[in-house]
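Peer 1:
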Amino acid sequence: MNKEMIVSSNGHEVVASILEEDQVGEIHIERE
């Protein structure tokens, strides 16, 4: 199984997602 983690952030939020076989398996959002 191929897994990839993508993280995006700016001054107010962080978004992290885990892709499993090119489909979103998990997504986490943290906002300030």
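Note that the working numbering has the sequence shown beginning at 21, numbered continuously upward. Even for Gly, the Cβ is constructed at its ideal location relative to N, Cα and C. Since the structure is predicted, the reported quantities are computational estimates derived from the model, not experimental observations.
So for M25, helix, strand or coil by DSSP?
Peer 2: Strand.
Peer 1: So, with DSSP's three-state summary, where would you put H32?
Peer 2: Coil, per DSSP.
Peer 1: Taking DSSP as the reference, what is the three-state secondary structure of E46?
Peer 2: The answer is strand: DSSP assigns E46 an E or B state.
Peer 1: Do H32 and E52 have their CB atoms nearer than 7 Å?
Peer 2: It is a contact, given that the beta carbons lie within the stated cut-off.
Peer 1: Note down, in chain order, each residue of its chain lying with its Cβ closer than 6 Å to the Cβ of L39, except the 5 sequence neighbours on either side.
Peer 2: Excluding residues within five positions, the ones whose Cβ falls inside 6 Å are E24.
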